[in-house]
Amino acid sequence: MGASRGGDESTSSSSQARRISRRGALKTGLAGAAAGAGLLTVGGIPAARAAGSDRPIRIGFQVHRTGIGAVYGRWYERTANAAAAYINELGGIAGRPVELVAEDDGTDPRRGAEVVEKLATREQVDFVYGTLFSHVVIGSAPRAGELKIPYFVVSEGYHVASGKLNRYVFQPGITDVRSQITAVAGWMMGNLGKKVAMIFPDYAFGYDHRDFLSAAVEAGGGTVTARIAIPPTETAYSKYFPRIPADTEVLYHVMVGPGVLTFVREMGEHFGSRRPAVFGFVDSLEGVPMTSPGLEFLDGTYLWEAMPRQAGQYDTPHERFYRERVGVGPDGASIRDPKDVSTYSHMFGCWETLFAIKEAVEQSGYRDPTPADRKALIETLEGFHGFNEGRSHPQGPKVFDGRLHQCFGQQFVSKVNAGKLEVVHRTAIEDSRYEPAADYTKMAL
Amino acid sequence: MSLGPHLLLALLEGLVGACVLALTALGLALVFGVMRIVNVAHGEFFMLGAVIAAACAGLVGDPPWLAFGCALLVAPLAVAAVATAADWAVLRRVRYDPESTIVATIGLLYIVQQSVLVLHGPDARAVPAPFYVRLDLGWFGYNGYKLMVAGAAVTLLLAVWLGLGRTRLGLYMRATQQDREMATALGVPVRRVYATVFALGAALAAVAGVLVVPIQQAHYLMGLDPLLLSFIVVIVGGLGSLKGAVIAAFVIGVSDGFVSVLFSPTLAKILATLLVAMVLVVRPRGLFGTSEA
């Protein structure tokens, strides 16, 4: 499904005459796109000053190589490296090569803050990038703010858009949990039922689900029958399932960490064929082969996906290009190892964020990690209105809200059918918008 | 779900948890009882067992029962070998001094954990159970393999019990526990007893790890939780008392099951920790502990 939209090569200045998305919000930026980057800006901010220094742009990559986020970290690293290699093939950022400086944070918030500091002060990177787990982002962001270094997270959490963090933190490459829930809650209640029991991880990311889904369900005339928080280090889940009331129509699940497979398997053991309708976030199954023993019970259940794991479900030339460059096969596993399943609904954020950085650097004329250049970069990025779909943004077109430092994009609902995820619904970007609660542009730099 | 099935699930979960906990904690209690050392690396032996099971599953592949059988043989032996090496290379060098061994076993914890991270990687690996039966109990389903885990754990506990009471090694161990100097004077090879006990404690943890891995997943950080619970059990039961450890494991495991199912797992952890605090205040030597050695 889904016809191709936008240009093939949105980072190349030769592709300005592309077909632009139908979406009204994106149309605003046509003039800006002509400035050279496939990117939609307000009024034409001058194109890259470029050239001059040929010092590489050094981007600190805060990566969860170890700890509970390791599976995501591995794929984030592969994706980031693939994106950096592709950017360098295209001539780099503003004519300068891009260099990733990766550092493991152990998926640990305290270590995360130290990593930001090390990358900023010892490695003297231009920006820090790539953090996923929300508790690590929340632990690291204040340090990035103190060091006044732009910090690009790929985290999904609502913490960026909530206004809780600071002016240096951006999330231009992946949508946030609140917008994902806002986009799919209506579909879920319309198609599966209105009495919803929720299972979510017992920390910030899970609370975003709890709060925004509860609000969406109540707004849609439904009721939440149970809210079950599970500690992220939990290893046994059977004991949680009795708390789901019998009259529940929809079981809504989202789980992360090393126990996800056990979680889904035990859910199947518990309910067997007497299960309610099940709607989950694919986070519960990221990195897990759909053919794992015990997952048969997921057949006929629904999952939210940001980017369909199964090839052909969102078939665009950009998606095919991206899939090949990150080394993922048709079933979502690594081409080299069919057991090594990707985190396909999250890792595109690393790819797209790196291109957002490229575009912001080129548009702002950023050269060196000086306060003036950083200010220019931040203000330029805050002026962006979105990104066109293309090789640099293969998940789909994005709207960017500079006040929230957050992008918005399309979402997918997929049905599990014989161990494969088949897209049954695609949301529009407008479906995921909500009333902004913050304005970072009013904060001091 | 109505109250009856609710209680049944609580009981099942509690009993299975308690059996595994008893097996894990028994090793810790044994090591403390005989050697008077607090082995902080105990949870890592549990983790090693699970990781070796994952490696066996990777090497042997199908059928799962064969891989599981291999793991059940290889893991305790391999982990016992690691423990023996640690005993020889570290514990003996610090003369089993109680304070030094705490620091030494903390070091051992990190060495084992980080070695597994390097060799096995940071991923959680699923290991297929030797058999898969979903028992449909009418109100809910239950994994039949979990009941086998409980059965195997009880069998092993009985075997250790008999071994301690009926064998020469058991006699040596009890003699060393009661009075090390007197045992040495009577010709008990205390050094060898120490090495054996340390290896046995590690092997018990490893077996628990192998049994548990098909219902959890092998992960390099999985040793921390069982370590904490084992300490709680050993402190409540009475430091060094095997009977105390087993009884405390069942009290804590079953109550954890009930509180988790009926209220919340977080509350269960709070109550267990509170129990330790209460026991330390009211009866510092634990429920079955003898007076300070």
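These protein sequence lines are chains A and B, in that order.
The opening position of the first sequence corresponds to residue 192 in the numbering used here, with each subsequent residue numbered one higher.
The opening position of the second sequence corresponds to residue 102 in the numbering used here, with each subsequent residue numbered one higher.
C-beta: ideal position from N, C-alpha, C; glycine also.
Keep in mind the model is a prediction, meaning the values are calculated, not measured.
Practice prompt. Tell me whether Ile526(A) sits in a helix, a strand or coil according to DSSP, three-state version.
Written response: As a first step, residue 526(A) must be located in the first sequence, where it is residue number 335. Correct three-state label for Ile526(A): coil.
Fill in: Assumed close pair Phe343(A), Ile548(A) - CB separation to whole angstroms, cut-off 8 Å
Here the question's residue 343(A) lines up with position 152 in the first sequence. Here the question's residue 548(A) lines up with position 357 in the first sequence. So it is a contact: roughly 6 Å between Cβ atoms.
Discussion item. At the 8 Å Cβ level, is Ser361(B) part of the contact set with chain A, yes or no?
Written reply: Walking along the second sequence from the start, residue 361(B) turns up at place 260. It does; some Cβ of chain A falls within 8 Å.
Discussion item. I need the DSSP call for Pro333(A), collapsed to helix, strand or coil.
Written reply: Translated into the one-based positions of the first sequence, residue 333(A) becomes position 142. Helix, per DSSP.
Item to complete: Assign Gln318(B) to one of three DSSP states: helix, strand, or coil.
Response: Taking the second sequence and counting its residues from 1, one reaches residue 318(B) at position 217. Under the three-state reduction of DSSP output, Gln318(B) falls in the coil class, being neither helix nor strand.
Discussion item. Against Glu460(A), what residues of chain B qualify as contacts under a CB-to-CB distance less than 7 Å, listed in chain order?
Written reply: Mapped onto the first sequence, residue 460(A) falls at position 269. Those are Arg235, Gly242, Tyr243, Asn244, listed as they occur along chain B.
Worksheet item: Measuring CB to CB, does Phe359(B) end up less than 8 Å from Gly118(B)?
Response: The residue given as residue 359(B) occupies position 258 in the second sequence. The residue given as residue 118(B) occupies position 17 in the second sequence. Against a cut-off of 8 Å, the Cβ pair of Gly118(B) and Phe359(B) comes out as no contact.
Worksheet item: Can you give the beta carbon distance from Arg465(A) to Leu486(A), rounded, assuming they're within the 8 Å contact cut?
Response: One-based indexing of the first sequence puts residue 465(A) at position 274. One-based indexing of the first sequence puts residue 486(A) at position 295. The pair is not a contact, with the Cβ atoms about 18 Å apart (cut-off 8 Å).
Worksheet entry | Limits of the alpha helix (DSSP H) - the one that Phe462(A) falls within | Position 271 of the first sequence, counted from the first residue, corresponds to residue 462(A). Where Phe462(A) is concerned, the enclosing alpha helix (DSSP H) stretches over 451-462.
Worksheet entry | Spatial neighbours of Ala335(A) in its chain, beta-carbon cut-off 7 Å, leaving aside the 5 residues before and after | For this step, residue 335(A) is matched to residue 144 along the first sequence. Cβ within range, chain order: Val307, Val319, Tyr342, Tyr359, Val360.
Worksheet entry | beta strand (DSSP E) segments (min. 3 residues) lying fully within the region 345-394 of chain A | 386-392
Worksheet item: Whose Cβ in chain A lies nearer than 9 Å to the Cβ of Glu114(B)?
Response: In the second sequence, counting from the first residue as 1, residue 114(B) sits at position 13. Residues of chain A passing the Cβ test: Ala427, Ser429, Lys430.
Worksheet item: Is Phe389(B) helix, strand or coil when you go by DSSP?
Response: Position 288 of the second sequence holds residue 389(B). In this structure, Phe389(B) counts as coil in the three-state DSSP scheme.
Fill in: Assigned secondary structure, Ile212(B) (DSSP; H/G/I helix, E/B strand, else coil)
The residue labelled residue 212(B) in the question sits at position 111 within the second sequence. Three-state result, Ile212(B): helix.
Worksheet item: Would you call the CB atoms of Ala154(B) and Ala172(B) closer than 8 Å?
Response: In the second sequence, the residue the question calls residue 154(B) occupies position 53. In the second sequence, the residue the question calls residue 172(B) occupies position 71. Contact: yes.
Worksheet item: According to DSSP, what are the bridge partners of Cys598(A)?
Response: Position 407 of the first sequence, counting from 1, holds the residue named residue 598(A). Answer by DSSP bridge pairing, in chain order: Phe591(A).
Discussion item. Let's test the definition: count the other Cβ atoms within 10 Å of the Cβ of Leu381(B) and tell me whether it reaches 16, buried, or not, exposed.
Written reply: For the purposes of this step, residue 381(B) is identified with residue 280 of the second sequence, where counting begins at 1. Exposed, since its Cβ has fewer than 16 Cβ neighbours within 10 Å.
Worksheet item: Are any of the Cβ atoms in chain A nearer than 8 Å to that of Ala227(B)?
Response: On the second sequence, position 126 is the one that residue 227(B) refers to. Judged by the 8 Å Cβ criterion, Ala227(B) is in contact with chain A.
Practice prompt. Starting from Gln317(B), find everything on chain C with Cβ-Cβ shorter than 9 Å and list it in chain order.
Written response: In the structure shown, chain C cannot be found, because the protein chains are A and B.
Fill in: For Lys566(A): DSSP bridge partner residues
Numbered from 1 along the first sequence, position 375 holds the residue referred to as residue 566(A). Answer by DSSP bridge pairing: none, since Lys566(A) is not bridged.
Worksheet item: Can you tell which of Gly459(A), Ile365(A), Leu310(A), Val473(A) has its C-alpha closest to the C-alpha of Pro484(A)?
Response: Taking the first residue of the first sequence as 1, we reach residue 484(A) at position 293. Closest by alpha carbon: Gly459(A).
Worksheet item: At a Cβ cut of 7 Å, what residues of the region 283-301 of chain B count as close to chain A, listed as they run along the chain?
Response: none
Discussion item. Given this structure, state the Cα-to-Cα distance separating Gly540(A) from Phe599(A), to the nearest angstrom.
Written reply: For the purposes of this step, residue 540(A) is identified with residue 349 of the first sequence, where counting begins at 1. For the purposes of this step, residue 599(A) is identified with residue 408 of the first sequence, where counting begins at 1. Between the alpha carbons of Gly540(A) and Phe599(A) lies a gap of roughly 12 Å.
Item to complete: Could you work out which residues of chain B lie near Arg256(A), taking near to mean beta carbons separated by less than 8 Å?
Response: In the first sequence, residue 256(A) corresponds to position 65, counting from 1. Per Cβ cutoff of 8 Å: Pro223.
Item to complete: May I ask you to list the residues that DSSP assigns as paired with Tyr320(A)?
Response: For the purposes of this step, residue 320(A) is taken as the residue at position 129 of the first sequence. Phe252(A), Phe343(A).
Item to complete: Measure how close the beta-carbons of Leu258(B) and Ala123(B) come, nearest whole angstrom, since I'm counting them as under 8 Å.
Response: Residue mapping note: residue 258(B) aligns to position 157 of the second sequence, counting from 1. Residue mapping note: residue 123(B) aligns to position 22 of the second sequence, counting from 1. With 8 Å as the limit, Leu258(B) and Ala123(B) qualify as a contact, their Cβ atoms being about 6 Å apart.
Fill in: Cα-Cα separation between Asp295(A) and Gln253(A), rounded to whole angstroms
By one-based count along the first sequence, residue 295(A) stands at place 104. By one-based count along the first sequence, residue 253(A) stands at place 62. Near 6 Å, if we compare the C-alpha coordinates of Gln253(A) and Asp295(A).
Fill in: chain B within 8 Å of Gly463(A), Cβ atoms only
Locating residue 463(A) in the first sequence gives position 272, where the first residue counts as 1. Yes, Gly463(A) counts as interfacial toward chain B.
Fill in: Neighbouring residues, chain A, relative to Leu110(B) (Cβ below 9 Å)
Within the second sequence, numbered from 1, the residue matching residue 110(B) stands at position 9. Residues of chain A passing the Cβ test: Ser429, Lys430, Phe432, Pro433, His461.
Worksheet item: In chain A, which residues lie with their C-beta within 8 Å of the C-beta of Asp198(B)?
Response: Sequence index remark: in the second sequence, residue 198(B) carries index 97 (1-based). Result: empty, since nearest Cβ-Cβ is about 32 Å, beyond 8 Å.
Practice prompt. Output, in chain order, the set of chain A residues within a Cβ distance shorter than 9 Å of His143(B).
Written response: On the second sequence, residue 143(B) is found 42 positions in, with the first residue counted as 1. Ordered by position in chain A, no residue passes the 9 Å Cβ test against His143(B), which lies about 17 Å from the chain.
Worksheet item: Which word fits Lys247(B), buried or exposed, when buried means at least 16 other C-beta atoms lie within 10 angstroms of its C-beta?
Response: Position 146 of the second sequence, counted from the start, is the residue given in the question as residue 247(B). It is buried - the Cβ of Lys247(B) has at least 16 other Cβ atoms within 10 Å.
Discussion item. 8 Å is my cut-off, CB to CB: does Pro366(B) come that close to chain A?
Written reply: Position 265 of the second sequence, counting from 1, holds the residue named residue 366(B). With 8 Å as the cut-off, Pro366(B) counts as an interface residue toward chain A.
Item to complete: Quick one: residues in its chain with C-beta nearer than 6 Å to the C-beta of Ile248(A), no 5 flanking neighbours on either side, listed in chain order?
Response: Position 57 of the first sequence, counted from the start, is the residue given in the question as residue 248(A). Cβ within range, chain order: Ile284, Arg287, Val289, Asp317.
Practice prompt. Let me know if Lys430(A) comes out buried or exposed under the rule of 16 or more other beta-carbons within 10 Å of its beta-carbon.
Written response: In the first sequence, residue 430(A) corresponds to position 239, counting from 1. It is buried - the Cβ of Lys430(A) has at least 16 other Cβ atoms within 10 Å.
Worksheet item: If we count the other Cβ atoms within 10 Å of its Cβ and call it buried at 16 or more, is Thr297(B) buried or exposed?
Response: In the second sequence, residue 297(B) corresponds to position 196, counting from 1. Sixteen is the threshold: when 16 or more other Cβ atoms of the shown chains lie within 10 Å of the Cβ of Thr297(B), as they do, the residue is buried.
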